[in-house]
Amino acid sequence: MQLIKFQLFSGDKLIRDIPFKKGLNIITNQDAAGNQIGKSTALRAIDFCLGGDIHQLWTDPETKAANKDVKQFLTSGNVVFHLVVSINGYQSTITRCATLKGRQIRILSTIDGTEYTTDTSFQQVLPSTLGHTVARPTFKQIKRRFFRVFKKSSNQTLKYLHSYTSDDEYRFVNLYLFGFDGEDKLQKEYKLNKRLSDIQSRRKAILNARHLAHYEKQLASIDKEIQILSEKEEAIDITGVQESVIQKLQEVRSKIANLSSSVSYLEIRLVYYKKTIDEYENKVQQVDTQTIRNIYEEAKALIPDLSKSFEETVAFHNSMLESKARYVKDQVEKIEKELTTQRLELRAHLKNEERLVKEVAAAGQLDGFILIEKAIQEQREKRGQVNFVVLEVKRIDSESEHLDSELKRLRAINEELENSFNNKIAVFNKEYTPLAQNVFGVPLKLEKESSDDGKITFSIQKEDEISGDGAPRAAAMTFELALVKYSQETNSKLPQFTMQDYIEAVDDDKIEKLFNFANKNKAQTIVAVLSYKLHPLGEKFCDSNTVLTLSQADKFFKV
C-alpha cells in the first residue's frame, strides 16, 4: 500500500490537495514561526483516514489542550477527509466525515463508495481492504510500526507501542512483519504452554512440597498393612455370624472409603482455591500504580477527552482482580456446600457401621474380628486419600507428557517455517545494515533468538554503539526506511510508505542521508519537519520534495 493523494473538503470547497510521490514528501513551514500551524496534524489526518482516532486532530499532544475551533469545524458534518491509496496496483478511496450529536461524535466513512455509518463497522472492514487479514497482530499495531507520529514512542526502534505492550505482542508483530506464516501454530503453542503451566501449578499444590515417590511409598506401605490385616481377618472363625450382616458391614465400609476419598479430594481443591484467592487479593494490595499510570498516560495521549481519572483507572484494575477473586470464592462456596453434604453422608454411614459392628459383636462375640475390620477400614480411608494424590499427579503427568509431545511437534513445524523467516530477515538486513553504516558508521543488524521454550525474541546488534544528536530518533527512522524497502523487495502486504515526525533533534548530516536513501530507493516517506532543518539541503532539493508548506496565515485546516 502506498499513498496517492490526500484531499480535505469543506462542503464543496477544496481546502487541501496533497499529491504524494514515491520517495520523499516534505511537509514544512514557510514563516520563521513554524509551530502550531498543522504540520504534524497533516500526518494525523492521514492516520485518521486509516482508522486513527479523530481526537488527535484537535488535541495538542504536549499540553493535552483541545482546540475548540478546530473541533467545532471538523465535527460540523461539512468537512470530508479524502484519501486515495494504491494497493497491489489498484487504487482505493477512503472518506471520513464527523458530526457532533450532543456529546457523541459520529463518523460516516466510505471505502470505494460503500458507506459505514459507525466507526466500529468501518474499523472491521478497513484492515482487510488494505491487505491485513489476520487478527493478531492488529492492523493498528502494524500501522504504528510505519507511522512515527507519537512523540513518546518516536525514539524506540523495536518497542514502539505503548509501554505496557507485552513481549508476546511484539513477538507476533515482528513475526508478521517478516512473513512468518505460523500464527495459528504459534497461538496454539502459546495456549499449550499456558495449559502446561497451569496443571504444573496444580501438581505442585497437590503434592504439597513432597515428591510423588513419597506418596507411592506411603501407598505401598498401606497396601502391605491391609494385606496383613486381611490375612489375620481370614484366620478368625466367624461361624454363627449371619453372612448378610457381614456383607452389609463390608458394603457400608466401602461407601465410607469412597466418601473419605471424595472428601479428601474436595479438601485439596479447597486449599488450592483459597491460595488462588490470596494471590488475587495480594495483587490488589501490591498493585504497581506506576505501571498503571504509564498505561493511563498513553491512553490519555490517544484519547484526550478520556472521562476516567487515573484513580478510576486504578480502581478498575483492582476491580478486575477482585472480580476474579469473587469468582473463585463462589467456587469455594460450592465446594464447601458439597463438603458439608458429603461429611453428613459420611457421618450417617459411620453410625450405620457402628450399629452393624454391635450386631456382629452380639451375634458372635468377635471382638478380634471387629478390631481388625476397623483397622482395615481406617487403612482403606487413608489409602483413598493417598491414592487420590497419586492418581491425580499421574493424570497430570500423563497430560503433561502429551502436551510436551504436541509442543515438540509444533516447534518442529515452526522450525521449518523459521528457515523461510530467516531468509526474509536477511533480505531486510541487506538494506538495513548498509543504511545504518552510512548514517551512523555502525553496521546495525536485526537479530532473532529462540529460547528453550520456542519463543522468538528480537534485538538490534550494536545498537548501543550509535551516537550523535537525536541518534535514537534517527535509528528508528533508519529501521522504518529499510522496512519500506524490504516491503517493496518482497512485494508484501505491508505498507510501502512511512510517516515521520519529531526529527528536529537529528543531526543535519543524518537527515540528509536518510532523505537521500528515501529518494534513491523510491521509499515513500512523508515527513513533517521545521524548515530550518532543511536549509543545509539547499533550495532546489526542498522545492522538488516539498508537498505542503504551511504558515501562521495558512494553517492546515485554515481555521
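According to numbering that gives the first Met the number 0, the sequence shown holds residues 0 to 558 in order. All C-beta atoms in this analysis are idealised placements derived from N, C-alpha and C, irrespective of residue type, glycine included.
| Item | Value |
| --- | --- |
| On the three-state DSSP scale, how would you describe Val526? | strand |
| Is it buried or exposed, Lys70, if we count other Cβ atoms within 10 angstroms and call 16 or more buried? | buried |
| Is it true that the CB of Leu82 sits closer than 9 Å to the CB of Leu185? | no |
| Got a sec: does the ligand SAH put a non-hydrogen atom nearer than 8 Å to the Cβ of Ser162? | This structure lacks the ligand SAH, and indeed carries no ligand of any kind. |
| For Pro18, count neighbouring Cβ atoms within 10 angstroms of its own Cβ and tell me buried if that reaches 16, exposed if not. | exposed |
| Pair every Cβ in the stretch 101–110 with every Cβ in the stretch 118–133, then say whether three or more of these pairs are closer than 8 Å. | yes |
| Going by other Cβ atoms of all chains shown within 10 Å of its Cβ, with 16 needed for buried, is Ala552 buried or exposed? | exposed |
| Which same chain residues end up closer than 6 Å to Leu301 when comparing Cβ atoms and leaving out the 5 residues on each side of it in sequence? | With a pLDDT of 48 at Leu301, under the threshold of 50, the predicted position of this residue should be treated as unreliable, though the coordinate-derived value follows. The residues are Asp52. |
| So Glu446 is in the beta strand (DSSP E); what residue range does that whole segment cover? | 444–449 |
| Do Leu56 and Gly76 come within 9 Å of each other at the CB atom, strictly closer than that value? | no |
| With DSSP as the reference, label Glu479 as helix, strand or coil. | helix |
| Let me check one thing: in DSSP terms, what residues is Tyr115 bridge-paired to? | Ser108 |
| Extract the residue ranges of the alpha helix (DSSP H) inside the stretch 125–210, only unbroken runs of 4 or more that lie entirely within it. | 138–145, 166–176, 182–206 |
| Would you say the stretch 190–210 touches the stretch 481–492, given that touching needs at least three Cβ pairs under 8 Å? | no |
| I'd like to check one pair, Thr92 with Gly112: are the Cβ atoms closer than 9 Å? | yes |
| Could you compute how far the alpha carbon of Val133 sits from the alpha carbon of Pro126? | 9 Å |
| Using only CA atoms, which one of Ile502, Leu480, Asp500, Lys63 lies nearest to Leu493? | Leu480 |
| Is it right to say His210 is buried, meaning 16 or more other beta carbons lie within 10 angstroms of its own, or is it exposed? | exposed |
| On the CB-based measure, 16 or more other CB atoms within 10 Å of its CB, does Met319 come out buried or exposed? | exposed |
| Quick one: Cα of Lys423 to Cα of Ile412, how far? | 18 Å |
| Quick test of the definition: if touching needs 3 or more C-beta pairs under 8 Å, does the stretch 7–26 touch the stretch 541–555? | yes |
| Give me whichever residues DSSP pairs with Asn28 in a beta bridge. | Leu549 |
| With a threshold of 7 Å on Cβ separation, who are the neighbours of Phe72 within its own chain once the five nearest residues in sequence on each side are excluded? | Val78, Phe556, Val558 |
| If I follow the unbroken alpha helix (DSSP H) through Phe8, where does it start and stop? | First-last for Phe8: 1–9, but that is the beta strand (DSSP E), not the alpha helix (DSSP H). |
| Whole angstroms is fine: what's the gap from Ala517's alpha carbon to Ala473's? | 13 Å |
| For the candidate residues Ser165, Phe5, Leu248, Asp46, whose alpha-carbon lies nearest to that of Ile375? | Leu248 |
| List the endpoints of the continuous alpha helix (DSSP H) containing Arg43. | 38–48 |
| What does DSSP give as the partner residues of Cys96 in its beta bridges? | Val79, Leu107 |
| Phe457 lies in the beta strand (DSSP E); which residues open and close that run? | 455–460 |
| Taking the C-alpha atoms as reference points, what is the distance between Ser243 and Ala234? | 19 Å |
| May I ask you to report which of helix, strand or coil DSSP gives Tyr431? | helix |
| For Pro60, which residues does DSSP report across the bridge? | In DSSP, Pro60 forms no bridge with anything. |
| Output needed for Leu434: all residues of its chain with C-beta closer than 7 Å, excluding positions within five of it in sequence on either side, in chain order. | Thr477, Leu480, Ala481, Phe516 |
| Residues in its own chain within less than 7 Å of Lys381 by CB, not counting five upstream and five downstream? | Ile221 |
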